[in-house]
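Shown next, in structure tokens, is the structure this report addresses.
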Ligand code: SF4
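Residue numbers (this note's numbering): 33 to 470.
Right, here's the structure in full:
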């Protein structure tokens, strides 16, 4: 078989990154090797995200741009998958006559068949949601070059319907994978040399709650911690309302579980939280943060914050800033609210101008920069266990992650890549630490 090349561009979250890894595995079976150069590709796939505003426009722009490539190489296969594909479906094929494939978030398993058809000129769109029982068998494994750290999907979809969020509409209802399948995948990865697994899902801490006979997430983590060869476990994303005492206890009891958690608050104001349909209050959120800090002192908490949600007053915004001071996030992903058509919040009247929202975002980000810097400085002089993942940005340096998820660069031999070392922190920057090998 002549070698063919696949270029895949991934937008959005780690779930999409993981889906793209699955696509690469499936396409390897059809003879497509990955390339990083679009002009070398025989197939270009865009794995899209529609969580933030402007996503469709971004994809439309890419597709318009790719038209010229298709003109020079008629056999080039162009496809769009992910959330925008799920949302727009057939309309994408109609709008872009040079597009060959549109595959939705439940239809990855159909892609090999669709690509075979496209090789003979067939244009096809598949966006039907699959019912949960059938979906359990539709998680093709990720194969390929072994790496130190891999994503493992444990659940997909979401039943929470936060009022601003499109995910339940484009990813479908929540479904947990079978624990036996997850453990098989983790064991295979460990055999392949993987030392860290990052458990993925839209709301991992509700794992198993609706699946009879399956463990809950705390129990699943304990089972994964028992897999020989796995030295670190992380997970993302968590919902504060499903952060159980049992799961928090894992941070005290399981040394393999890293001292880092992504726990998005989205706002510090009870009024806004209620309008967002988040299902918890500020006090309940802070209660969970307190319990996490008691279970694992110094745990690095990261989060997401939305600025300028409809009706957010200056006082509400002040509550968000004060929540940040109380939690002291190690890092915060912050966004200006933009309505997603089809969600409940899209019908709420917007009172704030874009300038006002941006001004609040700037204040919030300035505060976060200070907190991040202070937290990074608190590591000065400490010893950190670092999993060395690759070469550093500067010549002679290697780079890895501390238990907290912080990036640590230090002078060292590339032969150290793949090992765990102890490093003393000697300098702290905004986004990373500098260490000395001990
Ligand atoms: S929990 Fe809320 S924000 Fe997260 S995916 Fe579900 S609906 Fe969206």
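Where is the CB? At the ideal position from N, CA and C, for every residue including glycine.
Shortest gap from the CB of residue 294 to any heavy atom of the ligand SF4: 7 Å or more. Nearest to residue 334 by alpha-carbon distance, out of 346, 295, 161, is 295.
In terms of side-chain proximity, the C-beta atom of residue 79 is found no nearer than 7 Å to any non-hydrogen atom of the ligand SF4. For residue 53, the enclosing alpha helix (DSSP H) starts and ends at 46 to 61. By the Cβ criterion, the region 230 to 237 is not in contact with the region 396 to 412, since fewer than three pairs of Cβ atoms, one from each stretch, lie closer than 8 Å. In this structure residue 207 is in contact with residue 187, their Cβ atoms being roughly 6 Å apart against a cut-off of 8 Å. Straight through space, the alpha carbons of residue 52 and residue 37 are spaced by roughly 15 Å. Sixteen is the threshold: since fewer than 16 other Cβ atoms of the shown chains lie within 10 Å of the Cβ of residue 97, the residue is exposed.
The region 334 to 346 makes no contact with the region 208 to 223, as fewer than three CB pairs between them are under 8 Å.
For the ligand SF4, a non-hydrogen atom lies closer than 7 Å to the CB of residue 271.
For the 8 Å CB-CB criterion, residue 469 and residue 444 form a contact. Per DSSP, residue 457 is one residue of the beta strand (DSSP E) stretching across 452 to 460. Shortest Cα-Cα distance from residue 253 to any of 274, 211, 439 involves 211. Judged by DSSP secondary structure, residue 367 falls outside any alpha helix (DSSP H) and instead within the beta strand (DSSP E) spanning 363 to 368. Residue 198 is positioned such that its CB atom lies no closer than 8 Å to that of residue 276. Contact check for residue 421 against residue 432 passes: the beta carbons are separated by less than 8 Å. Straight across, the Cα-Cα distance linking residue 316 with residue 55 is about 40 Å.
Check the Cα spacing between residue 202 and each of 374, 425, 450, 364: the tightest is with 374.
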